[in-house]
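Chains as they are written, first to last, in numbering that gives the first Met the number 0: chain R, 0 to 460; chain U, 0 to 222.
Here a beta-carbon is modelled for each residue, glycine too, at the ideal position from N, C-alpha and C.
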Amino acid sequence: MTRDDAPLAPARLDSATLTDRVAAVVLPARAPRAWWLALLLSALLSLLFLTGVVYVLSVGVGAFGLNIPVAWGFPIINTIWWIGIAHAGTLISAVLLLTRQDWRASINRGAEAMAMFAIVLAGSYPLLHLGRPWFAYFLLPYPNIMDLWPQWRSPLVWDFFAIGSYLLFTMSFLYLSLLPDLATLRDRARHRVQQLFYGTLALGWRNSARHWARYEQANRVLAVIAAPIVVSVTGTISMDLSVSIVPGFHFTIFPPYFVAGALYSGFATTAIIAIILRSLFGFRDVITRAHLNRLGIMMLCFVLVVDYAYMCEIFTAFYTGEDFYRSVYFDRWTGPYAPYYWGMILCNVVLAQGLWFRRLRESVPGLLCLALIADIGMWLERFQIVITSTHKDYMPSAWDTVTPTRWDWLIYAGSIGVFFFLLLLFMKLMPAISMHDMRDMLHRRRHRQPKGNPRRERSHE
Amino acid sequence: MPQVFRPRANALAWTVLIIAAALLVVAVCLAAHYFSSPYYSGVDRTPPQPVPFSHKHHVGELGLDCRYCHTSVEDSSFAGVPESEVCMTCHSQLWTNARLLAPVRDSLKNDRPLRWQRVHDLPDYVHFDHSAHVNHGVPCQACHGRVDEMPLTTQKKTLFMQFCLDCHRNPAPHLRPPDAVFEIGWQPAGVPSEARQRYGERLMARYHTPTTERLTDCSLCHQ
């Protein structure tokens, strides 16, 4: 397997040129025309999102396509979808750090930013779904005149704590890893405003050995805390569904199934962001085909788990001998939402097999297509889980179908706009490629050090 | 290259952080103070009434029974506010020319009810039933206080959900036998304070009071 050792960076790239190039994206006022165009498009979509949110807040959740068997529609589908996308960011920044994967160096910043913005969107949907979001603070355990504590048996409270702690964690992880780079930008900035902006954010980082020792320590502690978060947050969200006795929700396989799906869509979105970084800012030699290949391999791993879970779920439904569980599947295959089910199978089972081919994984259009297919497929999966399970459960008198309204689609499309708007701003204002992680990687490659941790070995002397 | 920040920037940063933390503490204290203040809860609020009716005089000094005026308290969710005719059962004979009572006489003459102002006002999303309470041994006094000492009717309890739940979680110490519900300042004779709980629990059995689980069910009051 010599081909797997394709270089993660060209031999001529050294620390100084890398830092120059990353800083040259951030510090000058000018930006590529394509960046402006993308920003404009995503800003327009964000406006649609705001319009939708204002409309839903003023008329209520009736604007969504919801009714009484299907009380959970787009807001919950999109929450699960966005929180899933966030997960790959944590996996890359924490698990790949602990397992010492060098190739994370150039994509971890983008993946962390992706996680951050995806969590914000994931968190905003349940709040909208509350109907009266100004009472969201009821979810907090605080001393109050009602003498009430949150209902710990309620999945809504679990969501709140899962997403809340995830947001806090991702913010601190992202900011911590930005610190040395912010100091670099502060030192290179010539404009007073930029000096003050990056200088304040850098919190007085002086690049001293003591700073680095503390940074490494904090980073590793956070990584160890984060590793369980990769499975626990989506696991918790999946239990919102699986703790209920609704056929189609009530499966013990849900937590691992959701985590695999989350990581599949997350790596797909990381691949999209890596491709954007490559093509917008010319980082083709920093985010190489070897990176795209590895992202594709991660996607393949997780989509195979997802496919296994599909089979497992169907097997369980039929093996129980329960008519209700079986009828959910007949309904999914032939009922009113069958196109969504077969669309999901097409994306996640059939087309996803393209990931087996190295040629496709390494080609930019190929991987971009596969990543978009993955995101669409995972969204369809969440759609069919949330909607087809409740629309036809036990009592025929309670069966009903639901049609997504224009506000559902508007807010969904708008949230994608908000995501890319925030991400594009981040790419211009912050170093989108971690300069210090890259320098560390280049240094170790140059001096042919094994994939160990030289700093840590030194501290043991 | 000159430094971006002067040394005093460090002090400034610390000051900002400390002030922010202090402001947070102050905000929490202010919020706690506000929500426990009579301004927010309405404790000691005495709404102006069309006639300065004195419970102190009528109940404390004359000894009228609550039900003489609040006639529907045992049968209805609403205790009832007396019609002017009820006032006139006495005041057609007593103080017939008192200027203070002119609005009552006008009301009767013009057949236009007096506009009494509600003192104990619960939010509309709470269902409160007077009959359910008095028929299960909850005395008037538990929520309305010592009306026999009020020259003008005043709210004495916060009526927060906390206040309701205090009793719903453990009603026993407040309960009385049926004949003592409308008495003010009643104490069970020969029951030492440490036995009050057990005394109340026996009453609960007699009244067939629902379990605490049912009494603290959301839908009991938020129907």
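Segment limits, alpha helix (DSSP H) that includes residue i
i: R:A397; result: Per DSSP, R:A397 belongs to no alpha helix (DSSP H) and is neither H nor E.
i: R:Y309; result: R288 to Y318
i: U:D43; result: It is not in any alpha helix (DSSP H) - U:D43 carries neither H nor E in the DSSP assignment.
i: R:D180; result: P154 to R187
i: R:K427; result: R405 to L428
i: R:T251; result: Careful: R:T251 lies outside any alpha helix (DSSP H) and carries neither H nor E.
i: U:K108; result: A101 to N109
i: R:F73; result: F73 to T89
i: R:Y324; result: D322 to T333
i: U:R195; result: R195 to Y206
i: R:F116; result: N107 to H128
i: R:N506; result: Residue 506 of chain R falls outside the range modelled here, since chain R spans only 0 to 460, and no answer is possible.
i: R:R358; result: R357 to E361
i: R:N143; result: Per DSSP, R:N143 belongs to no alpha helix (DSSP H) and is neither H nor E.
i: R:W341; result: A337 to I344
i: U:H90; result: S83 to H90
i: U:Q161; result: M160 to R168
i: U:C68; result: C65 to C68
i: U:C139; result: Taken as a continuous stretch (DSSP letters only), U:C139 belongs to no alpha helix (DSSP H), as it is neither H nor E.
i: U:L23; result: R7 to F34
i: R:R99; result: It is not in any alpha helix (DSSP H) - R:R99 carries neither H nor E in the DSSP assignment.
i: R:A15; result: S14 to V25
i: R:Y197; result: R191 to L200
Contact set between residue i and chain R, taken where Cβ atoms lie within less than 7 Å
i: U:L303; result: Because chain U is modelled from 0 through 222, residue 303 of chain U falls outside the range shown and cannot be assessed.
i: U:F34; result: I144
Own chain residues within Cβ distance below 7 Å of residue i, not counting five before or after
i: U:P46; result: Q116 and V118
i: R:F418; result: F116, A117 and L120
i: R:R2; result: Interpretation of R:R2 is limited by its pLDDT of 47, a score under 50 that renders its predicted location unreliable; the figure taken from the coordinates is listed afterwards. So no residue of the chain qualifies.
i: R:R455; result: For R:R455, the predicted model reports a pLDDT of 44, less than 50, meaning its position is unreliable; a value from the coordinates is still stated below. Same-chain partners within the cutoff: there are none.
i: R:L299; result: L354 and W355
i: R:A188; result: L26, Q194 and Y197
i: R:T404; result: A62, F63 and G64
i: R:R325; result: A316 and F317
i: U:Y198; result: P187 and V190
i: R:H390; result: P68, V69, W398, D399, T400 and V401
i: U:H54; result: V146, D147, M149 and T152
Chain-ordered neighbours of residue i on chain U, where CB pairs are closer than 9 Å
i: R:L195; result: V3 and F4
Own chain, CB closer than 6 Å to residue i, minus 5 neighbours either side, in chain order
i: R:E111; result: G88, S92 and L173
i: R:L96; result: A222
i: R:I372; result: C346 and L350
i: R:L47; result: L409 and G413
i: U:C86; result: V103
i: R:W482; result: Given that chain R is displayed from residue 0 to residue 460, the structure contains no residue 482 of chain R and the question cannot be resolved.
i: U:V80; result: W115
i: R:S458; result: Here the model assigns R:S458 a pLDDT of 37, short of 50, so the residue's position is not dependable, and the following value carries that caveat. Hits under 6 Å: none found.
Per-residue contacts from residue i into chain R (C-beta, under 9 Å)
i: U:N272; result: Nothing in the structure corresponds to residue 272 of chain U, since chain U is present only between 0 and 222.
Contact list for residue i against chain U, beta-carbon separation under 8 Å
i: R:R185; result: V3
i: R:G466; result: Residue 466 of chain R falls outside the range modelled here, since chain R spans only 0 to 460, and no answer is possible.
Residue i beta carbon near the ligand SAM (any heavy atom closer than 7 Å)
i: R:L359; result: With respect to the ligand SAM, the structure shown offers nothing to examine, as it has no ligands at all.
Residues near residue i by beta carbon distance below 8 Å, same chain, minus five either side
i: R:D439; result: A104
i: R:E460; result: No answer about R:E460 holds up, because its pLDDT of 33 lies below 50 and its placement is not dependable.
i: R:V485; result: An answer regarding residue 485 of chain R cannot be provided, because it is not within the stretch 0 to 460 covered by chain R.
Contact with chain A by residue i, beta-carbon distance below 8 Å
i: U:R98; result: Absent from the structure is chain A; the protein chains it does hold are R and U.
Where the stretch 409-442 of chain R meets chain U: residues whose CB sits under 8 Å from a CB there: none
task: Could you please tell me which residues of the stretch 61-74 of chain R, in chain order, have their CB closer than 7 Å to any CB of chain U?
output: none
Residues of the stretch 141-171 of chain U with Cβ closer than 9 Å to any Cβ of chain R, in chain order: Correct list: T157, F159, M160, Q161, F162, C163, L164, D165 and R168.
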